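A.B. asks:
Chains as they are written, first to last, in our numbering: chain L, 10 to 301; chain U, 140 to 581.
(1) Just confirm the distance between the C-beta atoms of residue 78 of chain L and residue 208 of chain L, as a whole number of angstroms; I'd bet it's less than 8 Å.
(2) Exposed or buried, residue 352 of chain U, counting other C-beta atoms within 10 Å across all chains shown (16 or more means buried)?
(3) Provide the residue span of the beta strand (DSSP E) that contains residue 149 of chain L, from first to last.
(4) Consult DSSP for residue 451 of chain U and reduce its assignment to one of helix, strand or coil.
(5) Restricting to Cα atoms, I'd like to know which of L/160, L/228, L/31 and L/90 is closest to residue 22 of chain L.
(6) With a threshold of 16 other CB atoms inside 10 Å of the CB of residue 469 of chain U, please say whether the residue is buried or exposed.
(7) Determine, for residue 4 of chain L, whether the minimum Cβ-Cβ distance to residues of chain U falls below 8 Å.
(8) What are the boundary residues of the beta strand (DSSP E) that includes residue 9 of chain L?
(9) Just checking: is the beta-carbon of residue 155 of chain L within a distance shorter than 8 Å of some beta-carbon in chain U?
(10) In whole angstroms, what is the alpha-carbon distance linking residue 275 of chain U and residue 229 of chain U?
(11) In whole angstroms, what separates the C-alpha of residue 294 of chain L from that of residue 258 of chain U?
(12) Opposite residue 287 of chain U in the DSSP bridges: which residues?
(13) Under a CB-based cut-off of 8 Å, is residue 253 of chain U close to chain L?
(14) Counting along the chain, where does the alpha helix (DSSP H) carrying residue 273 of chain U start and finish?
(15) To the nearest angstrom, how far is it from the Cα of residue 298 of chain U to the Cα of residue 375 of chain U?
(16) Which chain A residues are close to residue 389 of chain U, counting only those with a beta carbon under 7 Å from its beta carbon?
(17) With a cut-off of 8 Å, does the C-beta of residue 425 of chain U fall near any C-beta of chain L?
(18) Report, in whole angstroms, the separation of the C-beta atoms of residue 137 of chain L and residue 156 of chain L, which I expect to be a contact under 8 Å.
(19) For a quick check, are the C-beta atoms of residue 211 of chain U and residue 316 of chain U less than 8 Å apart?
(20) Taking the C-alpha atoms as reference points, what is the distance between residue 214 of chain L and residue 86 of chain L?
(21) Count the C-beta pairs between the region 381-399 of chain U and the region 161-179 of chain U that are closer than 8 Å, then say yes if the count reaches three, no if not.
(22) Counting contacts by CB-CB distance shorter than 8 Å, is residue 237 of chain L in contact with chain U?
(23) Closer than 8 Å, Cβ to Cβ, to anything on chain L: give me those residues from the region 268-287 of chain U, in chain order.
(24) Go through its chain and collect everything with a Cβ distance to residue 345 of chain U's Cβ below 8 Å, but skip five positions before and after it.
(25) Is there a Cβ from chain U that is less than 8 Å from the Cβ of residue 270 of chain L?
(26) Please tell me whether residue 527 of chain U and residue 488 of chain U are closer than 8 Å, where the distance is taken between their beta carbons.
(27) Considering only their Cβ atoms, is the gap separating residue 174 of chain L from residue 29 of chain L smaller than 8 Å?
(28) Which residues mark the beginning and the end of the alpha helix (DSSP H) in which residue 305 of chain U is found?
(29) Suppose you measure from the CA of residue 261 of chain L to the CA of residue 269 of chain L; what does that come to, to the nearest Å?
(30) Pick from U/206, U/287 and U/295: whose alpha carbon is nearest that of residue 192 of chain U?
(31) Between residue 548 of chain U and the ligand NAD, is there a pair consisting of the residue's CB and a ligand heavy atom that are separated by less than 7 Å?
(32) Give the DSSP-derived three-state secondary structure of residue 2 of chain L in the structure shown.
(33) First and last residue of the alpha helix (DSSP H) that includes residue 82 of chain L?
(34) Please report the straight-line C-alpha distance between residue 60 of chain L and residue 70 of chain L, rounded to a whole angstrom.
(35) Tell me the residue span of the alpha helix (DSSP H) that contains residue 437 of chain U.
(36) Measuring straight from C-alpha to C-alpha, what distance separates residue 51 of chain L and residue 91 of chain L?
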């Protein structure tokens, strides 16, 4: 049971990371990015292509982390920029529900490309770092999980620092709070919007790459994870970064426990879905108030 | 004596008849297709019905539903299960499909109305996921693992063993759906939905119950989805969960949003292009998978009017070129019922006979192709072939005679008009020199 909770914590960290990306996007563009998971999926697939080669049945060589990781993350960031330019920017002054449908269409495009290029079967992956892991309080923590923990800490810490202590972070927050007033104050809202989506794309790429060794990787693996992230972001009212992150972690733990206890297949998806429904019915504003 | 009095006329509402005639003609042409073609056309029709509901929901009310696959699938399973368990033909369960769909829609509305703004999308997605991940695995919903086969559809003793024979029936279902949608959109409800979408506060100030209408529109979308599910069951006659994945809802959303705000023509065009393109494989499948979403992104971010907008623009340009007044931009053109043209009786009779003749020829040709017995073929040649030819000759004779008579009548008319023309009166001042100009009368 304790191992279940532990693995749930680490998966929850990734959910939290994804939720942070979603919240950051929503705060800036008022659009829920339904293609968020697919950005991470494409980046993860490119990472494995670069690192392990395109032959998916056998490992012929391993080119190592240092080349593949930055390229894949940059690719994710690039996808974020592309989405900002084609979808978020034209709809900035009038973000309707159709704007989200455009992101759904983008996710369909990404999925089509992925299925055509890599097929729908599960792909073999390798952990990012080899090693034996550590033993803490009688529980084994694998290197992948350690990496998740470390990466989450570093990334979120850096993000929080940028947002709170730098002038550029102030500009990002101002654009998120009120783009019109921010533009009047001389902030280049085009640039801040693009930077936000770049950060979000990179976050998604990192999340996808981090969680890939722990789950079955096929073209749809991030879509289901992103659903959890949507639920977590909703719990944060779509605007609170820490609320979304905390909800993601709790969701990861809760999901692991439920999957462990219940023999019904697919129960976790249903629980998450019903949780979203319950949340919206009971507390549409989310459980946590946002601070800008 | 005027020879124009001799030609009897009947007033015929040509413009109003044009659309039903086109419909019947289209179905007749479709009947000439093979079984595969008919099957695919039916699939396009089913998608059209489902898209109507989503069109009203998204384009007229500004709501969103990402779980449309569940809206269509659940009524389909309900109809199929009832049909299988009772042994009755699935054709009888149309009310069941519509009712289950409407109830599901109202249920979703109860939740979605609490959502603020963009959370609506997540809630509908969540409900769609809950249904597809849970109910689609339960055997009391989806039946045995090989899929649920319904009994052969039959109505009043007629069994429809081929899809081609059932195509007119499906066309009737599609027509009913289209007429119902048209009635809703043209009524008070449609206008209220439009106002609720554009300005809910103004609508509330005018006394329109906003929440009720928002709930109603989900119920309407659910009802149409239920009808589409019923149509799917009677057409494909086998239902399995793989037919209603969550991505189907996205496909419907693409079709509905590409249709744009307006009437059903855009929806039809969208459904035919997207689903028809997919089933008839006009372009390679993978190109279609890219083009659809890309067109959607383009429509949402730049054009924003959809097919209905494009059709409106075309109509306006066409009307301007003709010189008539441009049509109202917001609604589809009102039906032109009530305008009647006087058409001479022989023309009507002649046209009907010619068409009947061609119809007989086509039937004869179709039957000839279906049998290889020479005796039957000879019968067909005589009855359909020669009979059809005779009808065409008689009809053409009537048309020619009418044209000759009408021509003569026109000449008579012009002569009479010239004879009766009032004489130009010359003024007293100018006539001093030319008195002889007055002698043209009589």
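Quick reminder that beta carbons are idealized off the backbone N, C-alpha and C, glycines included.
Small disclaimer: the values here were computed from a predicted structure and weren't measured.
C.D. replies: Taking the geometry as given:
(1) Along the first chain, read from residue 1 onward, the residue named residue 78 of chain L stands at position 69. Along the first chain, read from residue 1 onward, the residue named residue 208 of chain L stands at position 199. Wrong, their Cβ atoms sit about 17 Å apart, outside the cutoff.
(2) On the second chain, position 213 is the one that residue 352 of chain U refers to. Residue 352 of chain U comes out buried.
(3) Indexing the first chain from 1 puts residue 149 of chain L at position 140. 148-150 is the span of the beta strand (DSSP E), which, as asked, contains residue 149 of chain L.
(4) Here residue 451 of chain U refers to the residue found at position 312 when the second chain is read from its first residue. Reduced to three states, the DSSP call for residue 451 of chain U is helix.
(5) The residue given as residue 22 of chain L occupies position 13 in the first chain. It is L/160 whose Cα lies nearest to the Cα of residue 22 of chain L.
(6) Position 330 of the second chain, counted from the first residue, corresponds to residue 469 of chain U. Unreliable placement is indicated for residue 469 of chain U, whose pLDDT of 45 sits below 50; no coordinate value is reported for it.
(7) Any answer about residue 4 of chain L is impossible in this case: the structure gives chain L only from 10 up to 301.
(8) Given a span of 10 to 301 for chain L in the structure shown, any question on residue 9 of chain L remains unanswerable.
(9) On the first chain, residue 155 of chain L is found 146 positions in, with the first residue counted as 1. Judged by the 8 Å Cβ criterion, residue 155 of chain L is not in contact with chain U.
(10) By 1-based counting over the second chain, the position of residue 275 of chain U is 136. By 1-based counting over the second chain, the position of residue 229 of chain U is 90. Rounded to whole angstroms, residue 275 of chain U to residue 229 of chain U spans 21 Å at the Cα level.
(11) Within the first chain, numbered from 1, the residue matching residue 294 of chain L stands at position 285. Within the second chain, numbered from 1, the residue matching residue 258 of chain U stands at position 119. Computed Cα separation, rounded: 10 Å.
(12) Taking the first residue of the second chain as position 1, residue 287 of chain U is located at position 148. Answer is U/378.
(13) Along the second chain, read from residue 1 onward, the residue named residue 253 of chain U stands at position 114. Yes, residue 253 of chain U lies at the interface with chain L (some Cβ there is under 8 Å from its Cβ).
(14) Within the second chain, numbered from 1, the residue matching residue 273 of chain U stands at position 134. 258-273 is the extent of the alpha helix (DSSP H) around residue 273 of chain U.
(15) Taking the first residue of the second chain as 1, we reach residue 298 of chain U at position 159. Taking the first residue of the second chain as 1, we reach residue 375 of chain U at position 236. Cα to Cα, residue 298 of chain U sits roughly 15 Å from residue 375 of chain U.
(16) Protein chains in the displayed structure are L and U, and chain A is not among them.
(17) Within the second chain, numbered from 1, the residue matching residue 425 of chain U stands at position 286. It does: the Cβ of residue 425 of chain U has a partner Cβ on chain L nearer than 8 Å.
(18) On the first chain, position 128 is the one that residue 137 of chain L refers to. On the first chain, position 147 is the one that residue 156 of chain L refers to. Sure, about 6 Å apart at Cβ, within 8 Å.
(19) In the second chain, the residue the question calls residue 211 of chain U occupies position 72. In the second chain, the residue the question calls residue 316 of chain U occupies position 177. The answer is no: Cβ separation not under 8 Å.
(20) As a working note, residue 214 of chain L is residue 205 in the first chain. As a working note, residue 86 of chain L is residue 77 in the first chain. Answer to the nearest angstrom: the Cα atoms are 8 Å apart.
(21) no
(22) If you number the first chain from 1, residue 237 of chain L lands on position 228. Residue 237 of chain L does not count as touching chain U.
(23) 268, 269, 272, 273 and 276
(24) Locating residue 345 of chain U in the second chain gives position 206, counting from the first residue. Correct list, in chain order: 334.
(25) Taking the first residue of the first chain as 1, we reach residue 270 of chain L at position 261. Chain U, which has no Cβ nearer than 8 Å to the Cβ of residue 270 of chain L, makes this no.
(26) The residue you call residue 527 of chain U lines up with position 388 of the second chain. The residue you call residue 488 of chain U lines up with position 349 of the second chain. Not in contact: residue 527 of chain U and residue 488 of chain U (Cβ atoms no closer than 8 Å).
(27) By 1-based counting over the first chain, the position of residue 29 of chain L is 20. By 1-based counting over the first chain, the position of residue 174 of chain L is 165. Not a contact, by the Cβ cut-off of 8 Å.
(28) The residue given as residue 305 of chain U occupies position 166 in the second chain. Element bounds for residue 305 of chain U: 302-325.
(29) Taking the first residue of the first chain as 1, we reach residue 261 of chain L at position 252. Taking the first residue of the first chain as 1, we reach residue 269 of chain L at position 260. One C-alpha to the other measures close to 12 Å.
(30) Here residue 192 of chain U refers to the residue found at position 53 when the second chain is read from its first residue. Selected option, being the one with the closest Cα: U/206.
(31) In the structure on display, the ligand NAD does not appear, and there are no ligands present to speak of.
(32) Because chain L here runs from 10 to 301, residue 2 of chain L falls outside it and cannot be looked at.
(33) For the purposes of this step, residue 82 of chain L is taken as residue 73 along the first chain, with counting starting at 1. It spans 74-92 - the alpha helix (DSSP H) in which residue 82 of chain L sits, taken as one unbroken run.
(34) Locating residue 60 of chain L in the first chain gives position 51, where the first residue counts as 1. Locating residue 70 of chain L in the first chain gives position 61, where the first residue counts as 1. One C-alpha to the other measures close to 8 Å.
(35) Your numbering for residue 437 of chain U matches position 298 in the second chain. Looking at the DSSP string, the run of the alpha helix (DSSP H) that includes residue 437 of chain U is 424-437.
(36) The residue given as residue 51 of chain L occupies position 42 in the first chain. The residue given as residue 91 of chain L occupies position 82 in the first chain. Rounded to whole angstroms, residue 51 of chain L to residue 91 of chain L spans 14 Å at the Cα level.
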